[in-house]
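The opening residue of the sequence shown carries number 1 in my numbering; numbering runs sequentially from there.
Even for Gly, the Cβ is constructed at its ideal location relative to N, Cα and C.
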Amino acid sequence: MRALAVSSILVVVAGCQAPPPPAPELTQADRQAIAAEIDRLSNDLHQLGRPEDVEAQMAYWSPAAETYFLTEPALFAQGVRVLTTMQSMREFFDPSRWNRQSTNFTPVSSRVAVLSPEYAVQVSEAHYSITDMEGVTGPTFPVSATIVWVREDGTW
């Protein structure tokens, strides 16, 4: 009987505790500030179009070269070429394989959905072209991307 009484008291005590406070809601100003920061970072990335900028471009995806992708990228499609491993991506983007001065990006649109203070999703469209070593810029192609942004240690 005594065990039953102790069990009943524990159930009552546990049931009376207040739930944890809800996470603070993001204001519209908070969401706009996060979206603006992500747009700025995305635009900064697009400015890195020279062959010598490849490592800086890759650093946008991870702070350490050995972890640019957690394991292997799931898929990267360029025209009819499908790259499924980090090694194949490095070989494809190796600057020595390109006869180019720069890759030129012109942002067209960006939509950022702020899910929380730590997570956001960006859908962006741009046009890009390549300027070869003789200074001739080729045709412009459309590009679109969906990127999940994660804030870690205060940075995106």
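Residue i to residue j, Cα distance in whole Å?
i    : j    : result
L48  : A56  : 7 Å
Q87  : V108 : 30 Å
M133 : E125 : 26 Å
A113 : Q101 : 34 Å
S7   : L115 : At S7 the pLDDT is 48, less than 50, meaning the model places this residue with poor confidence and gives no usable figure here.
M58  : P142 : 21 Å
D44  : E25  : 29 Å
G154 : Q32  : 17 Å
W156 : D30  : 15 Å
Y60  : D53  : 11 Å
T146 : S42  : 12 Å
Let me check understanding here. Comparing Cα to Cα, which of the options lies closest to residue i?
i    : options                   : result
R111 : Y128, R40, T137 and G154  : R40
T27  : T146, P117, T140 and V121 : P117
I38  : V121, D153, T131 and T140 : V121
Is the beta carbon of residue i within less than 7 Å of some heavy atom of the ligand GDP?
i    : result
S144 : By its list of ligands, the structure shown contains no ligand whatsoever, and the ligand GDP lies outside what it can speak to.
Here's a check: name, in chain order, each residue in its chain whose Cβ is nearer than 6 Å to the Cβ of residue i, leaving out the five neighbours to either side.
i    : result
A74  : Because A74 sits at a pLDDT of 48, beneath the cut-off of 50, its placement in the model cannot be relied upon, and the point is left open.
H46  : F105
T140 : H127 and S129
R50  : S102
Given residue i, which residues of its chain have a CB within under 8 Å of its CB, disregarding the five upstream and five downstream residues?
i    : result
S144 : V123, S124, E125 and A126
Y119 : V148, W149, V150 and R151
Are the CB atoms of residue i and residue j nearer to each other than 8 Å?
i    : j    : result
S129 : G138 : yes
Excluding the 5 residues flanking residue i on each side, which residues of the same chain have their C-beta closer than 7 Å to its C-beta?
i    : result
A36  : none
T131 : R100, Q101, S102, N104 and T137
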